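Participant: Chains as they are written, first to last, in the numbering used here: chain A, 29 to 248; chain B, 29 to 248.
Ideal Cβ positions, reconstructed from N, Cα and C, are used throughout, including at glycine.
None of the values given here were measured: they were computed from a predicted structure.
Sending over a structure as structure tokens; questions will come in a sec.
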DNA sequence: AGCGATGTTGACGCGCTGTCAACATTTCGC
DNA sequence: GCGAAATGTTGACAGCGCGTCAACATCGCT
């Protein structure tokens, strides 16, 4: 990086109304957005495995080489889209925590419900499964989603402390919650399970009862 | 080029009296086995995504075209290996059911324990994860594994009936068990969780308590 | 031995990948 | 404004994996 010390390099935005950034900056944003949008569509149409970088770039006005100015591979596009989803879901989880206060049960019901509804309505990438052969799945754990898991783990630890579930490994507890959410969520997406609210309540009570039972049995 | 014939042509093993199957049949078996074994190795070394059909066939003595006489794609090889694993695990699950009799708790502990130990010792393909970047997973639901799920679902239904858990959707219950097993199993494989037996007991008690709680709360 | 059946071989055409030199546009000092 | 440098775009290209297929080798049977 050449650190151009002469004059402020990027201060072209001199309080001009409407003129937000340099043209270069604008098209960069636009191109990136175009690639992401094209990727979203193609992944939903062809599934992750079958789509190629060419498929994505062909849906835009850009040349093939340009793709690599923005992403290293289709995987990176998928990651970006996935992280987008995580970012959209995060506030929902936080809302669940805040509205629940210290009520573990309320938290669980709201959180599972939020996740399942999110999958069905907003989970743009997750729909990719619909185009994917029944038997294949690709799943990514981006730093972004790991951060979400950690946040969830924090919540779970807080409640576990509150309810004196002190014999439970938070790692195991979080894993169980995530696994349940994943597996039921997938069946909801595939239409193998229909009733979203019932599923959320089931999952929530399952976790509650499971935690208590594990706690009492694992006293040592 | 190495004009190495596959099985040396001069091997007139027909002198052996106990030679039952035709030579054709034998080499077919041998070739298939060679491809599968090569696939097992390569998948473990490179991970599913990065390995190519060429990588697999290159590790054998066969020509590239021959691969397609046995499998349509690397995916099909992976499926076969996966089904192999399922077939090896199935008896363990059955043993768990039989040794447990009508004891739901014993069944769950044994079953989870069997699965986790299987993953760590025998789960040949699942090791593929070790070579896979931290954040990518590919998972397959072959007919074979779906059959296993169904068998498990049958067991769960039986116990649910026995214990009058009649308000629980078996689909949800099975999904929860599978999700827990998957997620904890993965953490075991990645070394994020260490104690296998503790994990099995946790999972078992979690399912027991979860089922009961969900049953009593979902009375309507 | 001889002949059809069956399996193997590797070269081929195709499409995708990632790169790069040539080109176009923007930015900035003057 | 103007010209040069910085920055971004383009599409052609070499490399490689894919799946096919005609030629070939081997087997099984009479």
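1. I need the DSSP call for residue 165 of chain B, collapsed to helix, strand or coil.
2. For residue 199 of chain B, decide whether its Cβ has a neighbour in chain A, counting only Cβ atoms nearer than 7 angstroms.
3. Leaving aside the five residues before and after residue 224 of chain B along the sequence, list all residues of the same chain whose C-beta is less than 8 angstroms from its C-beta, in chain order.
4. Residue 233 of chain A versus chain B: which residues are under 9 angstroms apart at the beta carbon?
5. Can you give the beta carbon distance from residue 174 of chain A to residue 227 of chain B, rounded, assuming they're within the 8 angstroms contact cut?
6. Identify whether residue 180 of chain A lies in helix, strand or coil by the three-state DSSP scheme.
7. Out of A:204, A:81, A:170, A:71, which one is the CA nearest neighbour of residue 242 of chain A?
8. If contacts are defined as beta-carbon pairs under 8 angstroms, then residue 172 of chain A and residue 105 of chain A qualify, I think. What distance do you get, rounded to the angstrom?
9. Should the segment 82-101 of chain A be regarded as contacting the segment 89-99 of chain B, the criterion being three or more beta carbon pairs within less than 8 angstroms?
10. If you check the beta carbons only, do residue 207 of chain A and residue 156 of chain B fall under 7 angstroms apart?
11. By the three-class DSSP mapping on this structure, what secondary structure does residue 84 of chain B have?
12. Starting from residue 111 of chain B, trace the alpha helix (DSSP H) in both directions and tell me its first and last residue.
13. Can you find a CB in chain A that lies within less than 7 angstroms of the CB of residue 69 of chain B?
14. So, with DSSP's three-state summary, where would you put residue 91 of chain B?
15. Taking all protein chains shown into account, do 16 or more other C-beta atoms lie within 10 angstroms of the C-beta of residue 164 of chain A, making it buried, or fewer, making it exposed?
16. Helix, strand or coil for residue 49 of chain B? Go by DSSP, reduced to three states.
17. Measuring only the C-alpha atoms, how far is residue 268 of chain B from residue 160 of chain A?
18. By the 10 Å Cβ neighbour count, where 16 or more other Cβ atoms means buried, how is residue 129 of chain B classified, buried or exposed?
19. If you count every other CB in all the chains shown that lies within 10 Å of the CB of residue 121 of chain A, and 16 or more means buried, which is it?
20. Just checking my contact of residue 108 of chain B with residue 64 of chain B at CB under 8 angstroms: how many whole Å lie between their CB atoms?
21. From B:235, B:123, B:198, pick the residue whose C-alpha is nearest to that of residue 182 of chain B; which is it?
22. How far does the alpha helix (DSSP H) with residue 77 of chain A in it extend, from its first residue to its last?
23. Quick one: what does DSSP say residue 60 of chain B is sitting in, helix, strand or coil?
24. Please identify the residue among B:166, B:176, B:194, B:51 whose C-alpha is closest to the C-alpha of residue 75 of chain B.
25. Suppose you measure from the CA of residue 79 of chain B to the CA of residue 99 of chain B; what does that come to, to the nearest Å?
26. According to DSSP, is residue 172 of chain A helix, strand or coil?
Facilitator: Straight from the coordinates:
1. strand
2. By this cut-off, residue 199 of chain B is an interface position.
3. Once the five neighbours on either side are set aside, the close Cβ partners of residue 224 of chain B are 141, 144, 145, 148, 216.
4. Ordered by position in chain B, the residues that pass the 9 angstroms Cβ test against residue 233 of chain A are 238, 241, 242, 243, 244, 245, 246.
5. Going by Cβ atoms, the distance from residue 174 of chain A to residue 227 of chain B rounds to 20 angstroms, so no, they are not a contact pair.
6. Note: residue 180 of chain A maps to helix in three-state DSSP.
7. It is A:204.
8. Your pair residue 172 of chain A and residue 105 of chain A does not check out as a contact, with CB atoms roughly 14 angstroms apart and the cut at 8 angstroms.
9. no
10. Taking a C-beta distance under 7 angstroms as the contact criterion, residue 207 of chain A and residue 156 of chain B do not qualify as a contact pair.
11. helix
12. 102-128
13. Chain A contact via Cβ: absent.
14. coil
15. So residue 164 of chain A counts as buried.
16. coil
17. Nothing can be reported for residue 268 of chain B, as the shown portion of chain B is limited to 29 through 248.
18. exposed
19. buried
20. 6 angstroms
21. B:198
22. From DSSP, residue 77 of chain A is part of no alpha helix (DSSP H); its letter is neither H nor E.
23. helix
24. Answer by Cα proximity: B:166.
25. Cα to Cα, the separation comes out at about 15 angstroms.
26. helix
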